[in-house]
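Taking the working numbering, I'd label the letters of the sequence shown as residues 375 to 1019.
All C-beta atoms in this analysis are idealised placements derived from N, C-alpha and C, irrespective of residue type, glycine included.
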Amino acid sequence: MTMADVQPPRPTNRPPQPPPADPVWTLPMTPIAAGFAVLAAATALSGVVQGTLWLFYLLIAIGLIVGTGMLLRSLRLSPPLVALGELFALLCLVTMSFSTNGILLILPGPAALRDLADVLGQSVTAVQTEVPPVPAEAPILCLIVIAIGLVAVVVDMLTVEAKAPAASGLVLLCVYAVPASLADEMLPWWSFVMGAAAFATLLAVDGRAKHKAWRGRRTGLPGYSQGAPSHEASSVVIISVVLALIIGSTFTVVGTVGRLPGGGGGGVAGGPFGLKPYTKLEGLLTGQVNVEFFRVTGLKSEEYLRLVTLDKFVDSEGWQVGAQITGGDPLGQHVLDTKPIGDGKVSTITIQPNQFQEQWAPVFGQPVSVSGLGSEWRWDPTADTVWAPGTQQYGSYVEHAQLASPTAEQLRAEGVVDESKVDARYRQPAQVDAKVKSLINQVTGGQASTFDKVRALTRYLNSGENGFKYSLDATPQDPKAPKLDDFLFNTRRGFCEQYASALAAMTRSMGIPTRVAIGFTPGVPYNGDPNVRTITGGDAHAWVEVNFPDYGWTRFDPTPAEPRVIPPPYMNDNSTAGSDDTQPSNTGSSGPTSSAAVKPPSDTSAAPVNTQADASTSIFNPSAPPLWLTIALLLLAIVLTRCSC
């Protein structure tokens, strides 16, 4: 061994190492990206809600839910408590926004909860009665904030706690499903683009966060974990699924009201007492509640739009068309073969169909002339129906109509109908049993005039004082009993089909000329314009018409507690002839002013109604997204992806 082979001893003491640095906490991007995805998906509501106010409400609600979740996770609370905290924050926001009775203005108390229940009840009515796009009023705003808020909670739980952001895509698709089922036009294309981009951003941000966690780099506030799903997170998945089912079932109320009498799903299918019109009418309007069928201009009073009438009563089923509607005069500019009614005043009404195809063209009151339809269309004066040989898709047409509005006293003074002037099909007595006859005598006892008898029977059914209720469930309670008896004495529930059938059967059994009319209630003003009304599938209705010598077929509606039902003024004890210019009605005469044929106004042409909504009524243009929204979402996506690097 040489001296060169000898190595100097190595030092045994290493220099002291600095203490490890504290982990760098960063803002968790995954829950923010989840909220961003919910907001982007919610832009689909622009197809059914006017303006942008609702979007700012959603921005606040989603931001509150995301912030609450991040704060509670920093306190190391369990996932179920985080979910409950987010729901409570949403409830506080709704209380502060839509109630004035909150505890300290924010906390929900009994009074505030009652306020919210009332507002939500109004929102359900608005959904069932208004046509998209609806105004962003308080009931609609409340419904949107609650629904999308629940979606935000579910997506947050799936993404952060359950570590399953991909599964949240199914929930986001439900956000698109609701407006897609309500709007009669395609949703804006840019809404789908934004939703897809936001969902992709969520997946990218979550993937980067998980990659950082795998590398040992912690992201988020203290208490925030990116590890594997915990057992508590499994319960969160279950809660999220339950919430999603609740959200879905909440919106199934949409589309259940507009059942055309004789249609399925609560109609005569399965045996309930009701109507049996042409089989082509069966289900005509079912499931199309919020589809606009007609835009009407010039209707200055709330009149029903009659499509077809039924004349034959079959005690084992109900009402149906007896004599086929095959005759009548061709339509044109000439005056139809109709008698004058009331004061003979004529109104000019333009009816613009939209997505409606049938062999009938509905009319108001007693038509004097109808122009604008093709040469194949005819007018049947007996059935008071405009018809064509087959199903037609027709455009705008103009009706000159007599809209008599008699008072109770005028109808009470009417004499006996001249049988020679009313077709025999409407005078054929309905056969009812002794039990029904006894009820009729009990209700109409002491009433002398035809009008008072019919009004008494109508009030018996729709006053709400005799156990009758409006319901889409018209299933017979006693299948062995006659259908009319079962409805009057057992079930006492149904919708317009059952009530109109029962009233018409009772009045016809008394020898009163009666028929059942199928058509639509007056709809609602279009964009607040009282001169323009929109009529949807939800306005489908059935009612009873009784013939009076000087006023012709006069409406009686026995359906109870249905928001679209418009009782005529003569149903009130103190009704008087309308003297207001907005009422095209009788001004006090007890009969027609002339027996001559009624002439239409000189102006027989009316401009067709524009069926397209004015694009200026909403900042949202279906053809392109709002520029400010596009820029804001794009910048947020860039920030999220950069911050997650």
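Need the endpoints of the alpha helix (DSSP H) that T442 sits in, please. 427-448
When you compare only the Cα positions, how much space is there between R680 and R786? C-alpha separation (whole angstroms): 25 Å.
Bounding residues of the alpha helix (DSSP H) (the contiguous stretch that carries Q872): 870-883
Rounded to the nearest angstrom, how far is the Cβ of V665 from that of T888, given a contact under 8 Å? Incorrect: roughly 31 Å between the Cβ atoms, too far for contact.
Smallest Cα separation from F687: which of G789, L777, F668, A804? Selected option, being the one with the closest Cα: A804.
N836 classed as buried or exposed, judged by whether at least 16 other C-beta atoms fall within 10 angstroms: Buried, because 16 or more other Cβ atoms sit within 10 Å of the Cβ of N836.
Can you list, in chain order, the residues of its chain with a C-beta nearer than 7 Å to that of T908? Leave out the 5 residues immediately preceding and following it. V505, E666, R669, G897, V898, Y900
Closest Cα partner of L517 within the set V493, D859, D530, E535: V493
Determine, using beta carbons only, whether P338 and Y844 come nearer to each other than 9 Å. The displayed coordinates of the chain run from 375 to 1019. Any statement about residue 338 would go beyond what the structure contains.
In whole angstroms, what is the alpha-carbon distance linking A891 and G692? 13 Å
Which residues bound the beta strand (DSSP E) around A914? 914-922
Determine the contact status of V760 and V737, defining contact as a CB-CB distance below 9 Å. yes
A463 to A521 span [Cα, whole Å]: The alpha-carbon atoms of A463 and A521 are separated by roughly 14 Å.
One or two residues paired with Y771 in a DSSP bridge: I725
Using the C-alpha atoms, what's the distance from E773 back to I940? 22 Å
Can you tell me which of P943, W734, D847, V817 puts its alpha carbon nearest to the alpha carbon of L747? W734
For L413, does the count of other Cβ atoms within 10 angstroms reach 16, so buried, or fall short, so exposed? buried
Cα separation between A411 and L546? 8 Å
What is the DSSP secondary structure of Q694, reduced to helix, strand or coil? Of the three classes helix, strand and coil, the one that applies to Q694 here is strand, per DSSP.
Would a C-beta distance cut-off of 9 Å place S1097 and Y768 closer than the cut-off? This structure does not reach residue 1097, given that the chain is present from 375 up to 1019, and the question cannot be answered.
Other residues of its chain near I699: CB distance less than 8 Å, five sequence neighbours each side excluded: V682, D754, A757, T759, W761
Could you check whether P932 and A876 sit closer than 9 Å to each other, using their CB atoms as the reference points? Yes, the pair counts as a contact, with Cβ atoms nearer than the cut-off.
Strictly by DSSP, which residues pair up with S743? H774.
Whole-angstrom distance between P454 and A536, CA atom to CA atom: 11 Å
In whole angstroms, give me the CA-to-CA distance for A775 and D792. Straight through space, the alpha carbons of D792 and A775 are spaced by roughly 23 Å.
Determine the DSSP secondary structure at F537, reduced to helix, strand or coil. The residue you asked about is not Phe; residue 537 is Lys in the sequence shown. Coil, per DSSP.
Closest residue to D860 among D807, Y925, W751 (Cα-Cα distance): Between D860 and the set D807, Y925, W751, the nearest pair of CA atoms involves D807.
Could you check where the alpha helix (DSSP H) with L467 kicks off and where it finishes? 453-472
Tell me whether the beta-carbon of A510 lies closer than 9 Å to the beta-carbon of L438. No, these two residues do not count as a Cβ contact at 9 Å.
Delimiting residues of the alpha helix (DSSP H) encompassing R786: 782-786
Beta strand (DSSP E) containing R752: first to last residue? 752-754
Leaving aside the five residues before and after I477 along the sequence, list all residues of the same chain whose C-beta is less than 6 Å from its C-beta, in chain order. Within the same chain, I477 has close Cβ partners G483.
Which class does Q816 belong to by DSSP, given the choice of helix, strand or coil? helix
What's the gap between the Cα of D685 and the Cα of R882? Each residue's alpha carbon lies about 10 Å from the other.
Between which two residues does the beta strand (DSSP E) carrying K857 extend? Segment 857-860 is the alpha helix (DSSP H) holding K857; no beta strand (DSSP E) there.
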